[in-house]
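What follows is one structure encoded as structure tokens, with my remarks underneath.
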Amino acid sequence: MIYAFLRPSGAAIVSILYRRIFLGRVPKIFDATFYLKSNPDVAASGLDPYFHYVYYGSSQGLDPAEDFHTLFYRKQSGPTKLDPVRHYIRYGVKLGIDPNPNFSSSSYLARYPDVAERAINPLLHYRTNGKLEGRLASASASKTGDITALFSVPSRFIFRLPSESARQFTFAFSADSEKGLNYQPAARICYFLQFSHREIELLVDALSVVQANSVKEVEFRFDLRNLSHSIERGNQKFVADVKPKIDTVLIAFEGCYFHEHNSCMKIDFLELRIWDLRGPNARVAEVFSAGSVRIDTDNAKGPNG
Numbered sequence: 030m031i032y033a034f035l036r037p038s039g040a041a042i043v044s045i046l047y048r049r050i051f052l053g054r055v056p057k058i059f060d061a062t063f064y065l066k067s068n069p070d071v072a073a074s075g076l077d078p079y080f081h082y083v084y085y086g087s088s089q090g091l092d093p094a095e096d097f098h099t100l101f102y103r104k105q106s107g108p109t110k111l112d113p114v115r116h117y118i119r120y121g122v123k124l125g126i127d128p129n130p131n132f133s134s135s136s137y138l139a140r141y142p143d144v145a146e147r148a149i150n151p152l153l154h155y156r157t158n159g160k161l162e163g164r165l166a167s168a169s170a171s172k173t174g175d176i177t178a179l180f181s182v183p184s185r186f187i188f189r190l191p192s193e194s195a196r197q198f199t200f201a202f203s204a205d206s207e208k209g210l211n212y213q214p215a216a217r218i219c220y221f222l223q224f225s226h227r228e229i230e231l232l233v234d235a236l237s238v239v240q241a242n243s244v245k246e247v248e249f250r251f252d253l254r255n256l257s258h259s260i261e262r263g264n265q266k267f268v269a270d271v272k273p274k275i276d277t278v279l280i281a282f283e284g285c286y287f288h289e290h291n292s293c294m295k296i297d298f299l300e301l302r303i304w305d306l307r308g309p310n311a312r313v314a315e316v317f318s319a320g321s322v323r324i325d326t327d328n329a330k331g332p333n334g
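Counted the way this note's numbering counts, the sequence shown spans residues 30 to 334.
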């Protein structure tokens with residue numbers, strides 16, 4: 030690049046202009062003071078620190094801030110077109126990728142729904158406000174790494190709702206078996222759900238009512254295309270509250286027989302386990318006995334497909 034032939038002052042001007050034109054403002058997550066102090070050669074070069082990180086530092090494994098570890102992030106994200114900082118801001122948080130071993134983005138947002146509802150970057154909030162407010166940060170862990178329900182489950186039996194391809198979906202639970210001749214066996218089928226705290230309470234309550242045979246069926250309907258969703262139980266209808274943007278619940282259907290046709294999945298199960306993902310560690314919160322469920326989506330895909 031041309032800056033190689035310029036004096037430090039000239040390189041600074043060129044790199045700053047280049048950064049402003051092609052990269053825009055420096056993300057608040059990037060700590061220029063830390064970066065220059067940790068890399069005196071960059072400081073001596075006169076280059077704009079964020080410009081250097083994007084085009085050189087990130088590929089060299091340099092850290093953009095004390096609480097953001099480039100190599101740790103790359104191990105989770107794999108190769109990306111964007112540098113780790115911009116990738117984390119735009120995609121990483123939603124994907125549950127963490128900036129350092131001591132901070133779980135998903136757990137922080139799950140623990141503090143006010144931060145999630147305001148769409149504030151979790152790391153930035155913790156750095157600037159969370160610590161002072163006494164909020165807790167959990168150590169990073171792959172969200173699926175501690176969930177035994179996912180062990181040996183093929184990716185085609187792991188789903189996430191809502192998704193970009195499934196903005197509307199319905200869960201209809203029944204205590205009755207609906208297994209037909211065209212049903213196929215599956216040891217376990219899992220669904221990650223982005224349910225609010227209120228929706229989780231309604232889910233557990235509704236399943237309890239179904240198991241007690243108080244109602245024949247409970248139906249959860251979501252339509253995020255119109256930013257509206259409701260939960261129906263018999264003749265009662267509940268309007269759900271603000272939805273989180275991360276996985277908060279995992280439903281694991283055990284001992285299944287299933288039938289899939291277009292956007293409808295019917296599952297006959299021997300046991301249903303609800304995993305609570307809101308805390309620092311995933312845990313089994315509720316267990317329900319045999320029943321069936323019908324899941325209608327726009328075309329839900331597994332998280333990797």
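All C-beta atoms in this analysis are idealised placements derived from N, C-alpha and C, irrespective of residue type, glycine included. Quantities reported herein were computed from a predicted structural model and do not represent experimental measurements.
Let me check one thing: in DSSP terms, what residues is residue i bridge-paired to?
| i | result |
| --- | --- |
| Phe203 | Per the sequence shown, residue 203 should be read as Ser rather than Phe. Partner(s): Glu246 and Ser321. |
| Leu222 | Leu190 and Val278 |
| Asn129 | Phe132 |
| Glu289 | Met294 |
| Pro151 | None, per the DSSP bridge assignment. |
| Phe97 | Ala94 |
| Asp305 | Val278 and Arg312 |
| Arg217 | Glu283 |
| Glu162 | BP columns for Glu162 are empty, so no partner. |
| Glu300 | Glu283 and Ser318 |
| Thr326 | Phe198 |
Let me confirm a value: residue i is counted as buried when at least 16 other C-beta atoms fall within 10 Å, else exposed. Which label applies?
| i | result |
| --- | --- |
| His290 | exposed |
| Arg54 | exposed |
| Ile280 | buried |
| Ala168 | exposed |
| Gln89 | exposed |
| Leu236 | buried |
| Pro108 | exposed |
| Ile58 | buried |
| Leu210 | exposed |
| Phe224 | buried |
| Ser87 | buried |
| Gly125 | buried |
| Asn242 | exposed |
| Leu179 | buried |
| Ile50 | exposed |
| Gly121 | buried |
| Asn328 | Only weak support is given to the placement of Asn328: the predicted model assigns it a pLDDT of 46, under 50, and the value that follows is read from those uncertain coordinates. Exposed is the call here. |
| Arg185 | exposed |
Taking C-beta to C-beta, are residue i and residue j nearer than 8 Å?
| i | j | result |
| --- | --- | --- |
| Ser134 | Leu153 | no |
| Tyr64 | Tyr82 | yes |
| Ser321 | Glu162 | no |
| Ser240 | Ala204 | A small correction: the amino acid at residue 240 is Gln; Ser does not occupy that position in the sequence shown. A contact, by the Cβ cut-off of 8 Å. |
| His98 | Ser106 | no |
| Glu315 | Val233 | yes |
| His127 | Arg189 | In the sequence under discussion, the amino acid at residue 127 is Asp, which differs from the His named in the question. No, Cβ-Cβ distance for Asp127 and Arg189 is not below 8 Å. |
| Tyr220 | His288 | no |
| Ala94 | Asp60 | yes |
| Val278 | Leu222 | yes |
| Ser67 | Asp96 | no |
| Pro56 | Phe101 | no |
| Phe251 | Pro191 | yes |
Could you pull out every residue in the same chain whose Cβ sits closer than 6 Å to the Cβ of residue i, ignoring the five residues on either side in sequence?
| i | result |
| --- | --- |
| Ala319 | Leu299 |
| Cys285 | Ala215, Ile218, Ile296 and Phe298 |
| Arg302 | Ala281, Val313 and Val316 |
| Ser171 | Reliability fails at Ser171, whose pLDDT of 49 lies under 50, so the model's placement of it is uncertain and the value that follows must be treated cautiously. None. |
| Ile149 | none |
| Met30 | Low per-residue confidence applies at Met30: pLDDT is 48, beneath 50, and the placement is therefore not dependable enough to give any value. |
| Arg103 | none |
| Val247 | Phe202, Ala235, Val239 and Arg262 |
Given the structure, does residue i come close to the ligand HEM, in the sense that its CB is under 7 Å from one of the ligand's heavy atoms?
| i | result |
| --- | --- |
| Ser243 | Annotation note on the ligand HEM: not contained in the displayed structure, which lists no ligands. |
Who are the near neighbours of residue i in its chain, counting only those whose CB is closer than 7 Å to its CB and skipping five residues on each side?
| i | result |
| --- | --- |
| Asp325 | Phe198, Thr199, Ser292 and Cys293 |
| Arg323 | Ala201, Cys293 and Lys295 |
| Lys245 | Ser203 |
| Asn158 | none |
| Arg48 | Asp77, Tyr79 and Phe80 |
| Arg156 | Asp96 |
Go through its chain and collect everything with a Cβ distance to residue i's Cβ below 8 Å, but skip five positions before and after it.
| i | result |
| --- | --- |
| Glu283 | Ala216, Arg217, Phe298, Leu299, Glu300, Leu301 and Arg302 |
| Ile118 | Pro56, Ile58 and Asn150 |
The region 96 to 114 contacting the region 133 to 142, beta-carbon criterion three pairs below 8 Å: At 8 Å Cβ cutoff, the stretches do not touch.
At least three beta-carbon pairs within less than 8 Å, the region 175 to 183 to the region 70 to 82: No, because fewer than three Cβ pairs between the region 175 to 183 and the region 70 to 82 fall closer than 8 Å, the two stretches do not touch.
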